[in-house]
Structure formats: C-alpha cells, structure tokens
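Heads up: the sequence lines are chains W and R, in that order. When you line the first sequence up against the numbering used here, it's residues 30 to 442, in that order. When you line the second sequence up against the numbering used here, it's residues 30 to 442, in that order.
Protein chains: 2
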Amino acid sequence: MLTAEIICVGTELLMGQVLNTNEHFIASHLPEAGIALNHSSVVGDNPQRLKDALLLAKSRSDIIIMTGGLGPTDDDLTKETVAQVFGKKLVFHAECMDKMVSYLKESGKNLTKNNEKQAYLPEGSIVIENNNGTAPGCIIEDDGKAAIMLPGPPREMVPMFNETVLPYLKNKSGTVLYSRVLRLFGIGESRAAAMCDDLIKNQTNPTIAPYAKEGEVTFRVTASAENEATAKAMADETVSAMYERLGEYIYGEGDETSLAEVVVNELNKKKLTVSTAESCTGGLIGKMITEVSGASSVYGFGFVTYANEAKMQLVGVKHETLEKYGAVSEETAKEMAEGARRVSGSDIAVSVTGIAGPTGGTKEKPVGLVYIGISDKQGCEVFRFVQHGDRERVRNKSALCALDIIRRRIQYA
Amino acid sequence: MLTAEIICVGTELLMGQVLNTNEHFIASHLPEAGIALNHSSVVGDNPQRLKDALLLAKSRSDIIIMTGGLGPTDDDLTKETVAQVFGKKLVFHAECMDKMVSYLKESGKNLTKNNEKQAYLPEGSIVIENNNGTAPGCIIEDDGKAAIMLPGPPREMVPMFNETVLPYLKNKSGTVLYSRVLRLFGIGESRAAAMCDDLIKNQTNPTIAPYAKEGEVTFRVTASAENEATAKAMADETVSAMYERLGEYIYGEGDETSLAEVVVNELNKKKLTVSTAESCTGGLIGKMITEVSGASSVYGFGFVTYANEAKMQLVGVKHETLEKYGAVSEETAKEMAEGARRVSGSDIAVSVTGIAGPTGGTKEKPVGLVYIGISDKQGCEVFRFVQHGDRERVRNKSALCALDIIRRRIQYA
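Set out below in structure tokens:
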C-alpha cells in the first residue's frame with residue numbers, strides 16, 4: 030500500500046490563528062484512494078525547517094501532500110523549497126499567468142507584481158487548476174516519489190483536491206475502494222453505533238467508520254477489492270443491513286449532501302413550498318435552505334422576527350399570546366408558523382423561537398429551550414427541545430431540527 | 030526563547046475521523062507563555078513511529094507537548110514510549126489510582142483491570158490532575174528537556190492545560206510576548222501587505238504575520254521582551270504605523286471579534302437599529318447579526334424576500350420596478366432597503382439582491398453580480414459588486430460587504 034504524508038505549511042497554524050481543517054479533510058479522503066497516511070505535520074513559513082520536514086517526508090513516504098505557502102508574498106516558500114529538495118528549477122507557466130489575470134479581472138482586481146511569483150512552478154509539474162483563487166497547485170514526480178502542492182485556504186484547496194488530486198491518487202494506487210457515506214440526524218453517535226454493534230464489531234472489509242459532526246452522525250462504509258463491481262457489492266450489502274437498523278434516522282447519503290438539500294429536493298418532488306419564521310435562529314434556516322441552488326422553486330418568503338413587534342407585525346402573533354405565554358412558548362411558535370404560512374401562502378411553514386444564550390435563561394425557561402412549530406394544511410404541531418451547548422450550537426442544532434421536522438413531515442404529505 | 034513541539038497521538042486523527050482541535054488550542058496559547066512552537070505533528074498508535082517522532086522532537090525542541098495515547102487500552106503507548114526515550118521506569122502512583130476510583134464512582138462506573146495501567150507514570154513525574162476523565166497527565170524533565178503528556182479528549186485536556194500546563198510553561202520561560210491582531214475587510218492580502226511592505230520587510234521584533242481567511246485579512250503583530258510593558262510598547266508602535274497605512278480597512282482587533290460584532294456594538298453605542306431585506310443571501314446577514322449575543326437591542330426585523338412576490342408583498346418593491354429593471358438591479362435594491370426601513374421602523378436598513386449561482390447568470394447580469402442597498406434618514410445608496418467564487422462564497426462575501434457598508438455608514442451617522 031502506498032504511504033502518504035501531509036505537511037501543512039503556515040506560521041498561522043503554529044500560532045494557533047487558524048484551525049487546521051485541511052489535515053482532517055485530506056486524511057479523511059485518503060482511505061478511499063487506498064493510501065495509508067502515517068504522518069502529518071505542520072511547519073511554519075521557515076525555509077530551513079520546511080526543507081528538513083520535506084527531506085524527512087521524502088525519506089519515509091511515497092507521496093507528500095502539502096497545503097499552504099503558495100501565496101504571493103515573500104514568506105510563501107513551498108514551491109521553492111520542494112523544487113530545491115527534488116532538484117528542480119522553477120519555470121514560468123504562461124497559462125497559469127493567463128488564468129490568474131482573468132481570475133483577478135473577474136474579481137475586479139488587478140495583478141500585482143507579487144502575483145507573478147505564483148505562475149512559477151517546479152519543472153515537469155502537473156498543474157492543478159484553481160478556480161477559486163490565484164495560486165495554482167501542482168504535482169511533481171521524481172524517483173518514485175510524488176509531491177503534491179495545494180493552496181492553504183480550504184475553499185481553494187478542497188475543490189482542487191476533489192477534482193484533480195483524488196483521481197490522481199486513486200489511479201496511482203492499485204486497490205479499488207468503494208465507499209458509501211450514510212448521513213443521520215436525530216440520534217447520537219454512541220446510540221447509533223450500539224444499534225449496529227454486531228456489524229461494527231465484525232468489520233474487516235467493508236470497514237464501518239462512524240463519526241459525529243455538528244449535530245449529526247455519519248457512517249462511512251468502505252469496501253476494498255480488486256475491482257469496483259466487487260467492492261460496490263460488498264459495501265451495498267453492509268449498507269442494506271444498516272438501513273434495516275437505522276433507516277428512520279438516515280436522511281441521505283454522501284459527503285456533500287445536507288439536510289437542507291434533502292428537504293429542498295423532497296419539496297421540489299412533491300411540488301410544495303415552505304416559508305420560515307425565525308426568532309432565535311435569526312435567519313439561519315433561510316440561509317441553510319437558500320444554500321441549495323434551485324431553492325427558489327420551493328422557498329420564497331422568510332420572516333426574521335427577532336423582536337416581539339416583528340412577531341406581531343410580520344406574522345400576526347397576538348399580543349395576548351406574547352403577554353400570557355412569552356415569546357419562547359409553544360403558543361408563540363404555533364402562531365408564528367401559522368402566520369408565516371398565511372402571509373406567504375406557502376404549503377408548509379416552520380417557526381423557531383427559543384433562548385440561544387448565553388444570557389436570557391431562567392429556571393422555567395433555561396438557555397437551550399427551543400420551540401419549533403410546523404404548519405401545513407393538516408394543522409400545526411409544535412416540538413419542544415432543550416439543546417445543549419453554546420449559543421452557536423443551540424442555534425445550529427435548532428435550525429437542523431427544524432429542517433428534519435420538515436423532512437419527516439413531507440414524507441406523509 | 031524556549032521552543033516547543035506538539036505531538037498528537039492517535040490513529041483516529043490520521044484516518045480523518047477526528048478533527049484535531051487540540052493542536053490549535055495548544056498552539057494558540059503558547060505565545061502568551063513566551064514559547065515558540067516550531068513543529069507540530071500527528072502520529073498514529075504505532076510504537077516505532079511514535080518513538081521516532083519523540084527522538085526527533087527531543088533533538089530539536091526544548092519542550093514536547095503530547096496529547097492522546099494515555100487511555101486504558103493496549104494501543105495507548107504514550108507514557109511507555111516517552112519513558113523509554115527518556116530512560117525512565119514507569120512507577121505506580123497510588124494517589125492517581127485513588128482519584129481514578131473516586132472519579133469512576135461519581136460517574137457510576139467501576140474500575141476495570143485496564144484502568145490500572147493509567148496509574149503508572151514515568152518516574153519523577155509531576156502529576157497533572159484530570160477532573161474530567163480517568164487518565165492523569167504528567168510532566169517529566171530530563172537533561173534540560175521536558176515532555177508533557179495530556180489525554181486526547183479536549184474536555185479533559187483543555188482544563189488540565191489551563192490549570193497546570195500553562196502556569197508551568199509561563200514559569201519556565203523568561204520571555205513575555207505581546208500580540209495585537211488587526212482585522213481588515215475590503216482589501217486583499219497582497220494589496221494590504223504591499224501597503225505596509227516596508228514594515229513587513231524590516232520586521233524582526235515585532236513580527237508581522239499576515240493571513241487571509243474567508244473574505245478578510247488579518248495581521249498579527251507580536252513583540253517579545255523581558256517584560257510586558259516593553260513588549261506592549263513595541264507592538265503598539267508597529268500597530269500605530271499600520272493604522273496610518275490601513276486604517277480605513279481595519280474594522281476591529283482580536284482573534285475572536287467579527288464584523289457583525291463590531292457592527293452590533295457600534296449600533297448599540299449610537300442607539301441605532303437596523304433591519305435587513307435579503308434576497309440571494311437568504312437570511313445570512315440576519316444570521317450573522319444574531320450570532321452576536323445581545324443583538325436584540327439593535328436588530329428586530331428581517332425580511333427574506335427570495336421570491337419577487339415576497340419583495341413586493343413584504344417590503345413594497347414595485348411591480349413595475351421588477352418588470353423594468355429585474356430583481357437584480359440597483360432600483361430593486363433601493364426599494365428593498367427603503368421598504369425594510371419603512372415597514373420595520375428601523376433607523377437603518379440594508380438590502381441584498383444578486384445572482385449567487387451557479388445558474389441564473391447572463392452576459393449582462395453574470396453570476397456574482399450583487400447589489401447592496403443601504404437606507405437611513407440621509408437617504409439611500411446602492412453599491413454594485415461582482416463577487417467571484419462559488420455560490421457559498423458569493424453569498425458570504427455579499428453578507429460581509431453588507432455588514433461593512435453598515436459599519437462605514439454609522440461612522441458618519
């Protein structure tokens with residue numbers, strides 16, 4: 030099995046200014062390319078230490094994947110140092126320069142003298158196009174070793190990795206891996222794992238890797254075989270067994286999907302529209318829905334009713350309701366959802382009102398208390414949650430719960 | 030200056046199952062202890078590779094900070110390997126055992142045979158108490174070098190670092206560092222760097238570290254001296270010079286601040302309220318504003334007018350305007366902002382209408398074209414942008430631009 034090593038370059042990582050999500054992203058995708066990651070390290074923008082790290086990596090790993098240090102400034106030294114360690118010259122790539130010029134032009138910016146440096150790559154490089162920034166990436170191969178250089182900003186790095194690096198790596202490695210990624214909502218990692226304990230305990234091939242991220246649980250089922258058909262059949266069999274156990278929590282599949290995307294697609298299929306009335310989430314549900322391209326066919330109206338006046342004026346919550354039950358109550362959530370549906374004319378409306386914290390909680394209504402209402406032609410239902418965590422987490426989980434409530438509702442619409 | 034090195038131990042990190050937040054946390058606190066972090070690496074639960082990493086770290090760094098591998102199972106090897114590299118025996122600590130027993134008892138669990146292993150520490154260890162788990166941490170010193178071992182779970186590691194390790198490190202280091210972090214919006218990294226090129230070129234102490242993250246640029250200015258007053262004076266002088274060059278783009282200071290927070294604080298100071306009318310950002314500006322705790326005193330009403338009907342019905346955009354100029358136009362942005370201000374009664378209203386993509390662009394109105402309107406008692410102004418990047422980026426940058434437009438506007442309110 031080919032071995033890889035990650036080197037993330039940037040003093041900002043060692044100063045703790047930036048959380049290193051690149052390492053995590055790359056590490057999580059290497060298994061599907063059939064490549065083993067044995068080392069990962071961070072080096073500052075220091076030529077000698079970078080050189081030492083590269084020499085060490087070259088001595089022990091087949092593939093070195095680097096992020097960062099491709100910027101236009103003098104302290105960006107990745108290409109220069111790799112070229113030195115691999116005994117290559119840096120050569121000017123006119124097509125990289127052209128791409129940079131047109132990228133900057135579209136962004137309404139001009140090329141600076143600094144940017145020119147970014148069009149120089151080690152000789153013999155495979156160019157990795159960057160559609161989201163100025164720095165092209167590149168791959169050089171020498172003596173059975175490969176060095177892959179990618180820019181640091183995740184927004185630039187991730188598409189370049191997916192479009193160019195991952196296919197390159199899969200081709201380089203002999204084994205075929207086939208993965209399916211199950212996305213679950215409404216269940217914790219340990220409970221979900223316990224519910225398919227027998228499958229997880231006996232795993233060898235396919236492997237089942239659970240992980241929890243913000244408010245949801247993911248299982249990656251990966252089978253390896255000599256060809257894709259065999260690997261796929263193996264993964265499919267395990268996935269079927271998992272659906273039997275966890276079906277109601279599985280909202281979709283794939284790394285890129287989201288609860289919002291599933292909701293938008295389901296609404297589209299059933300030709301239904303949704304509107305939102307948000308208090309403590311302040312627009313977050315609207316933001317999540319409209320993250321999905323094409324959301325306009327199912328979503329037209331959103332109300333951010335952060336103030337009580339807005340709840341009354343925009344979605345017709347009654348003054349008496351707010352007086353008697355408070356803004357964070359089942360009754361207010363109900364009137365918000367019903368009002369949003371009435372005013373917008375949507376088929377479904379969802380509402381959220383709660384206490385995101387850190388302040389504002391009482392003994393009766395603690396921080397994290399959230400009511401989510403859903404209204405459709407069948408009537409209105411309100412769900413009560415007590416979310417744990419800080420302000421951001423309470424808001425995020427509440428928005429995701431609201432989307433999941435829509436998802437479950439339209440299954441019966 | 031003392032040098033440190035982080036080694037995070039755990040195969041789950043190399044498999045991409047867990048995001049390494051420990052590295053980021055520790056790295057972000059070392060500067061305040063006056064300790065330079067030159068290297069950080071991740072090693073799996075593999076004895077030989079862990080030993081190699083330790084030998085390398087011991088040869089080049091004064092302090093080695095390790096997380097992970099202190100658990101009760103056979104693949105937890107950190108203490109064993111450190112003891113071997115430093116030539117120490119592992120000795121039983123009865124008081125660690127007692128603490129573990131009482132911790133487990135409080136959690137309603139029993140000691141397993143495995144846990145006993147966790148009470149063995151390298152001889153001569155300074156014990157680091159763990160109040161949130163079974164694994165005690167420890168520090169050993171030898172030959173002018175120190176190795177600090179902490180458990181992997183952040184909820185155990187973080188309090189142990191804050192309570193024991195940070196004071197230990199501050200005491201060990203003679204130097205004091207003082208940092209100021211400048212946050213800029215509306216200018217790219219290379220242009221900002223070019224505007225204080227002279228300062229960056231001549232930097233030795235203070236150092237100036239620029240970096241770009243989502244839509245903004247940050248400069249960290251760090252001075253080291255024998256006492257805080259001197260370090261602060263040195264950093265302040267450089268920062269003053271940077272304000273002279275970049276003042277209008279600097280919206281705030283500090284790692285934790287955000288454009289939304291600065292806007293909310295400024296509105297609060299001037300006792301002004303703001304409302305939002307969002308089309309392509311779909312609630313994102315509202316979400317950003319309400320991320321700030323206490324936003325309710327300045328923000329009460331938001332309109333997500335994704336559909337043309339919503340633009341007309343909620344904020345009174347004229348049908349003729351939409352017909353004649355289209356939803357993405359200066360005129361529509363103007364009517365959205367004015368309507369939001371009128372309906373909500375806020376002092377200021379901001380509107381966004383644009384084409385976030387990936388579809389919906391034309392030659393005259395390309396993807397990324399965004400109009401942002403701002404209305405207050407002085408009148409209404411509309412700004413035109415062409416944002417580059419994918420849907421998420423266009424939306425993010427547009428929302429940040431809208432916040433920056435509010436920020437600049439209230440400077441003159």
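Glycine included, each C-beta is placed from N, C-alpha and C at the ideal position.
- Under the 8 angstroms Cβ criterion, the segment 344-356 of chain R does not count as touching the segment 399-407 of chain R, having fewer than three qualifying pairs.
- In the structure shown, E290(R) adopts helical secondary structure according to DSSP, grouped into three states.
- When C-alpha distances from A56(R) are compared across L66(R), L48(R), V47(R), N49(R), the shortest belongs to L66(R).
- In this model, D227(R) and Q342(W) are separated by some 56 angstroms (Cα to Cα).
- Non-local beta-carbon contacts of M365(R) in its own chain, meaning distances under 7 angstroms to residues more than five positions away in sequence, involve A306, T334, K340, V344, V346, S380, T382, G402 in chain order.
- Residue burial annotation: A262(R) is exposed, with fewer than 16 other C-beta atoms found within 10 angstroms of its C-beta.
- The straight-line gap separating the alpha-carbon atoms of G276(W) and V415(W) is approximately 25 angstroms.
- For T319(W), the CB contacts under 7 angstroms within the same chain, skipping 5 residues up- and downstream, are Y328 in chain order.
- Setting aside the 5 residues that flank it on each side, N143(R) is surrounded in the same chain by P101, T102, each with a C-beta closer than 7 angstroms to its C-beta; the list follows chain order.
- In this structure, I94(W) keeps its C-beta atom at 8 angstroms or more from the C-beta atom of V303(W).
- If you check the CB distance, E338(R) and V411(R) do not come in under 8 angstroms.
- Here N256(R) has V205 as same chain residues with Cβ atoms under 7 angstroms from its own Cβ, once five neighbours each way along the sequence are excluded.
- Assignment of L42(W) by DSSP, reduced to helix, strand and coil, places it in the helix class.
- For S325(W), the residues of chain R that pass the 8 angstroms Cβ criterion are Y335, A336, in the order they occur in the chain.
- The bridge partners DSSP lists for R209(W) are V250(W).
- Contact with chain R is absent for R370(W), since none of that chain's Cβ atoms lies less than 8 angstroms from the residue's Cβ.
- The CB of S219(R) comes closer than 8 angstroms to the CB of G100, P101, T102, T141, N143, N144 in chain W, given here in chain order.
- As the crow flies, the alpha-carbon of I229(W) is around 8 angstroms from that of A222(W).
- Annotated three-state conformation of F330(W) is strand, per DSSP.
- One alpha carbon belongs to T107(R), the other to N139(R), and they sit about 24 angstroms apart.
- The C-beta distance from Y278(W) to F190(W) rounds to 29 angstroms, too long to fall under 8 angstroms, and the pair is not in contact.
- As the crow flies, the alpha-carbon of A123(R) is around 35 angstroms from that of P60(R).
- Bridge pairing for H68(R): V72(W), E34(R) [DSSP].
- Taking every protein chain shown into account, the CB of A369(W) has 16 or more other CB atoms within 10 angstroms, so this residue is buried.
- DSSP, read as helix, strand or coil, puts F54(R) in helix.
- Chain-order list of chain R residues neighbouring N161(W): H417, G418, D419, R422, by C-beta distance under 9 angstroms.
- Under the 8 angstroms Cβ criterion, the segment 32-52 of chain R counts as touching the segment 82-96 of chain R, having at least three qualifying pairs.
- Straight through space, the alpha carbons of T251(W) and P235(W) are spaced by roughly 5 angstroms.
- The DSSP assignment places complete alpha helix (DSSP H) segments of no fewer than 4 residues inside the segment 179-230 of chain W at 183-189, 195-201, 218-224, 226-230, in order along the chain.
- The segment 119-171 of chain W is shown to contain whole beta strand (DSSP E) runs of 3 or more residues at 119-121, 149-151, 155-157, 166-171, in chain order.
- Going by beta carbons, V423(W) and G397(W) fall inside the 8 angstroms limit.
- Annotation for A238(R): R249 place their beta carbon closer than 6 angstroms to its own, counting only its chain and skipping 5 residues before and after.
- Nearest to V187(W) by C-alpha distance, out of D419(R), A431(R), C430(R), A428(R), is D419(R).
- In this structure, the alpha-carbon of K299(W) lies about 26 angstroms from that of N425(W).
- At least one C-beta of chain W is nearer than 8 angstroms to the C-beta of L343(R).
- Distance from the CA atom of H53(R) to the CA atom of L179(R), rounded to whole angstroms, is 15 angstroms.
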